[in-house]
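*Asks:* Pasting a structure below so you can have a look.
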Amino acid sequence: MSTLPWRTSRSISTWVRQHIQYLLIPVALGLFLWLWETLIRVQNYPSFILPSPRQVAHSWLEHWQRGIIPYHLSITLFEVLLGFSIALTFAASVGYLLAKLPLLEKIVSPYLVATQAVPLVAIAPLIIIWINTGIVQNALIAALISFFPMLINTIIGIRSIRAEYRALMRSYAATRWQVFSKLEVPAALPIFLGGVRIGVTLSVIGVVVVELMWADRGLGFLINFAQGQLDTPLLFATVATLSAMAITLYLIVILIEKISLRWRKNVQ
Amino acid sequence: MQSPLIQIESVSKWYGHNHDGVLALRDVSLDIRAGEFLSIIGPSGCGKSTLLKIIGDLLAPSAGRVRVNGKTPAEARRAREYGIVFQSPTLMEWRTVARNIALPLEIVGIPRAECHARTMALLDLIRLRDFAARYPTELSAGMQMQVAIARALAYQPKILLMDEPFGALDEITRERLGRELLEVWTRTSVTIVFVTHSVPEAVRLSDRVAVMSPRPGHIERIVEIDLPRPRTAATRDLPRYWELLREVRAVLGLNEGQDGVR
Numbered sequence: 635m636s637t638l639p640w641r642t643s644r645s646i647s648t649w650v651r652q653h654i655q656y657l658l659i660p661v662a663l664g665l666f667l668w669l670w671e672t673l674i675r676v677q678n679y680p681s682f683i684l685p686s687p688r689q690v691a692h693s694w695l696e697h698w699q700r701g702i703i704p705y706h707l708s709i710t711l712f713e714v715l716l717g718f719s720i721a722l723t724f725a726a727s728v729g730y731l732l733a734k735l736p737l738l739e740k741i742v743s744p745y746l747v748a749t750q751a752v753p754l755v756a757i758a759p760l761i762i763i764w765i766n767t768g769i770v771q772n773a774l775i776a777a778l779i780s781f782f783p784m785l786i787n788t789i790i791g792i793r794s795i796r797a798e799y800r801a802l803m804r805s806y807a808a809t810r811w812q813v814f815s816k817l818e819v820p821a822a823l824p825i826f827l828g829g830v831r832i833g834v835t836l837s838v839i840g841v842v843v844v845e846l847m848w849a850d851r852g853l854g855f856l857i858n859f860a861q862g863q864l865d866t867p868l869l870f871a872t873v874a875t876l877s878a879m880a881i882t883l884y885l886i887v888i889l890i891e892k893i894s895l896r897w898r899k900n901v902q
Numbered sequence: 010m011q012s013p014l015i016q017i018e019s020v021s022k023w024y025g026h027n028h029d030g031v032l033a034l035r036d037v038s039l040d041i042r043a044g045e046f047l048s049i050i051g052p053s054g055c056g057k058s059t060l061l062k063i064i065g066d067l068l069a070p071s072a073g074r075v076r077v078n079g080k081t082p083a084e085a086r087r088a089r090e091y092g093i094v095f096q097s098p099t100l101m102e103w104r105t106v107a108r109n110i111a112l113p114l115e116i117v118g119i120p121r122a123e124c125h126a127r128t129m130a131l132l133d134l135i136r137l138r139d140f141a142a143r144y145p146t147e148l149s150a151g152m153q154m155q156v157a158i159a160r161a162l163a164y165q166p167k168i169l170l171m172d173e174p175f176g177a178l179d180e181i182t183r184e185r186l187g188r189e190l191l192e193v194w195t196r197t198s199v200t201i202v203f204v205t206h207s208v209p210e211a212v213r214l215s216d217r218v219a220v221m222s223p224r225p226g227h228i229e230r231i232v233e234i235d236l237p238r239p240r241t242a243a244t245r246d247l248p249r250y251w252e253l254l255r256e257v258r259a260v261l262g263l264n265e266g267q268d269g270v271r
């Protein structure tokens, strides 16, 4: 009995040490806000140059309650998810096909490499001219931008499977479907999910760029609108909303990674 | 005498375009008896792995033919008569030890309950039941190889093809796994074709040792290992063991000069 408290306090301190980087996040955030508030107190900037955290929070709450931020957020989120899903579907299927057909991949690979270097965002204006803007169009641009990294990671993931594993499946006389489901999918998953992580971030960037330039709704549009009105608190509030959305999406991917790659925990 | 389980008839293999490619195997003929432990030994590049892959239908011969129980290697493979073990354990690192062993059974389509029972029996065979729920990365290299062997035996194949399975292990583990392999072999009466580049290992384990020479690969001689079974640590005290070691080394050309038997 007497050893129990000692053991407990010890395990708590180990837990704290292991999770120190997460425990310090609220502290860092609080420190940042406090410095920001202090800077404004000292320098007395007008709110259209640099609003205080309170003003930003107030603006955010007000626009949230009036339904302005939820409306634009839902549009942006929908575009991102639609674009990302399109990209994911095509990247996984086309990538798998290219990985399985070396000749085709050989023919296509110089262009794939080229797309890695081209800032696809710069092509967006052309696409706008051709297909105009709108929710689906914006999603398509997001899809275009996030497609290639996911495609390339799919190919690399499938290609990284060592020949011995395929020989093993061959010796079992496994069907194509068994090779796919029991070898190719799980073996390629870590690299594939690495691509998904990049893809989800690029989808957000794609949507926001298009919204900033041409859209009449969405968080990108709201940023533009706030800037035009010199409503800097709203500008900050919108950027914060956008960041929160992007971080949440990214964390969801990380969570999926953690769950589906549980076995990797043991790889040190 | 009964007809051999595996008949290899003047098999040749060349890589590249027809006859101007690299000749890996030249006119190899070999009969492997049912239930025997046959080692193929030779320096690297002598085509011993190529020969093993041809038996297992992982490669096609360029000339000659192979018969397994009267069937072609492809038919034997589809009839699931081969278990294969490579030099690297080739375990699925996303599956636990038990589910790695169960993989071939899942592919064959064996019902879940039977699959579980057989997996547990195999885990007992390699004495790793306590590690059933562990992932391969948590195991030592020797244990991973034991799991690979258990997996190869999962659907009770007639033939176990082993491609330098202990080549990457340390000497101590290697000897222990060799002993355990003999135990498994005795209990399952599987036919083992064992590729190695270690002379003592080949002599210690086998009924016969096929010695190969490189460029192009061919079988130089087949040495009968007439040591009594079961082979124990005491086997090494027999003068015959050293004679056989010397004989195999002589065929490999290792005995010249003052380089004696170790």
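Protein chains in written order, with the working numbering: chain A, 635 to 902; chain B, 10 to 271.
Just so you know, even glycine gets a beta-carbon here, dropped at the ideal spot from N, CA and C.
1. How many angstroms separate the CA atom of B/Val37 from the CA atom of B/Ser53?
2. Measuring only the C-alpha atoms, how far is A/Val661 from A/Leu737?
3. Measure the Cβ-Cβ separation of B/Val218 and B/Val156 and say whether it is below 7 angstroms.
4. Whose C-beta lies closer than 8 angstroms to the C-beta of A/Gly828 among residues of the same chain, with five residues either side of it excluded?
5. What does the alpha-carbon distance come out to for the pair B/Val270 and B/Ala259?
6. Just checking, does the stretch 879 to 891 of chain A make contact with the stretch 792 to 806 of chain A on the three C-beta pairs under 8 angstroms criterion?
7. Starting from the Cα of B/Arg74, find the closest Cα among B/Lys22, B/Glu102, B/Val31, B/Val212 and give me that residue.
8. Grab the span of the alpha helix (DSSP H) containing B/Ile116 for me, first residue to last.
9. Taking only beta-carbon positions, decide if B/Pro113 is within less than 7 angstroms of chain A.
10. Per DSSP, A/Glu739 forms a beta bridge with which residues?
11. Report the residues of the stretch 47 to 71 of chain B with a CB closer than 7 angstroms to any CB of chain A, ordered along the chain.
12. Taking the alpha helix (DSSP H) that A/Glu696 falls in, what are its first and last residues?
13. Can you name the residues of chain A whose CB is closer than 7 angstroms to the CB of B/Glu102?
14. What's the call for B/Ala72, buried or exposed, on a 16-neighbour Cβ count within 10 Å?
15. Could you check where the alpha helix (DSSP H) with B/Ile8 kicks off and where it finishes?
16. If we define contact as Cβ-Cβ less than 7 angstroms, is A/Glu818 a contact residue for chain B?
17. According to the Cβ coordinates, are A/Ser686 and A/Glu671 closer than 7 angstroms?
18. Quick check on DSSP: helix, strand or coil for B/Tyr164?
19. Only counting the same chain, and skipping five residues up and downstream in sequence, which positions put a Cβ closer than 6 angstroms to that of B/Gln16?
20. Counting only the same chain and skipping the five closest in sequence on each side, list residues whose C-beta sits under 6 angstroms from that of A/Glu739.
21. Give me the subset of the stretch 768 to 800 of chain A whose CB atoms are less than 9 angstroms from a CB atom of chain B, sorted by chain position.
22. In chain order, what residues of the same chain have a beta carbon less than 7 angstroms from the beta carbon of B/Ala91, not counting five sequence neighbours either side?
23. Within the same chain, show all residues whose beta-carbon is closer than 8 angstroms to that of B/Pro13, passing over the 5 residues directly before and after it, in chain order.
24. Taking only beta-carbon atoms, is B/Arg230 less than 7 angstroms away from chain A?
25. Please list the terminal residues of the continuous beta strand (DSSP E) segment that includes B/Ile234.
26. Give me whichever residues DSSP pairs with B/Tyr24 in a beta bridge.
27. Whole angstroms are fine: how far does the CA of A/Ala878 sit from the CA of A/Trp674?
28. Would you say B/Ile93 lies against chain A (beta-carbon separation less than 7 angstroms)?
29. For the stretch 105 to 118 of chain B against the stretch 803 to 822 of chain A, are there 3 or more C-beta pairs whose distance is under 8 angstroms?
30. Report, in whole angstroms, the separation of the C-beta atoms of A/Val830 and A/Leu722, which I expect to be a contact under 8 angstroms.
31. Which residues in chain A have a C-beta closer than 8 angstroms to the C-beta of B/Ser198? List them in chain order.
32. Under 9 angstroms between beta-carbons, which chain B residues line up against A/Gln812? List them in chain order, please.
33. Give the range of the alpha helix (DSSP H) segment to which A/Phe859 is assigned.
34. Going along the chain, which residues of its own chain have a beta-carbon closer than 8 angstroms to the beta-carbon of B/Thr197, five neighbours each way excluded?
35. May I ask you to verify whether the stretch 231 to 239 of chain B touches the stretch 169 to 187 of chain B, counting CB pairs closer than 8 angstroms and requiring at least 3?
36. Hey, is A/Gly828 close to the ligand MN, as in C-beta under 6 angstroms from one of its heavy atoms?
*Replies:* This is what the structure gives:
1. 17 angstroms
2. 55 angstroms
3. no
4. Asn787
5. Caution is warranted here: a pLDDT of 43 is assigned to B/Val270, below 50, making its placement in the model unreliable, and the coordinate value is therefore given only provisionally. Spanning the two alpha carbons is a distance of roughly 10 angstroms.
6. no
7. B/Lys22
8. 106 to 117
9. yes
10. For A/Glu739, which the question treats as bridged, DSSP gives no partner whatsoever.
11. Gly65, Leu67
12. 687 to 699
13. Trp897
14. exposed
15. Any property of residue 8 of chain B remains undetermined from this structure, which presents chain B solely from 10 to 271.
16. no
17. yes
18. coil
19. Asp40, Arg76
20. Leu732
21. Arg796, Glu798, Tyr799
22. First, the residue type needs correcting, since residue 91 of chain B is Tyr and not Ala in the sequence shown. The answer, listed in chain order, is Gly65, Ala85, Pro166, Ile168, Leu170.
23. Asp40, Ile41, Arg42, Ala43
24. no
25. Run containing B/Ile234: none; DSSP gives neither H nor E here.
26. B/Val31
27. Looking at the sequence itself, residue 674 of chain A is Ile, so the reference to Trp does not match. Answer to the nearest angstrom: the Cα atoms are 24 angstroms apart.
28. yes
29. yes
30. 7 angstroms
31. Within chain A, no residue comes near B/Ser198; the closest Cβ sits about 20 angstroms away, beyond 8 angstroms.
32. Glu115, Ile116
33. 853 to 862
34. Leu162, Gln165
35. no
36. Questions concerning the ligand MN fall outside what the structure shown contains, since it holds no ligand whatsoever.
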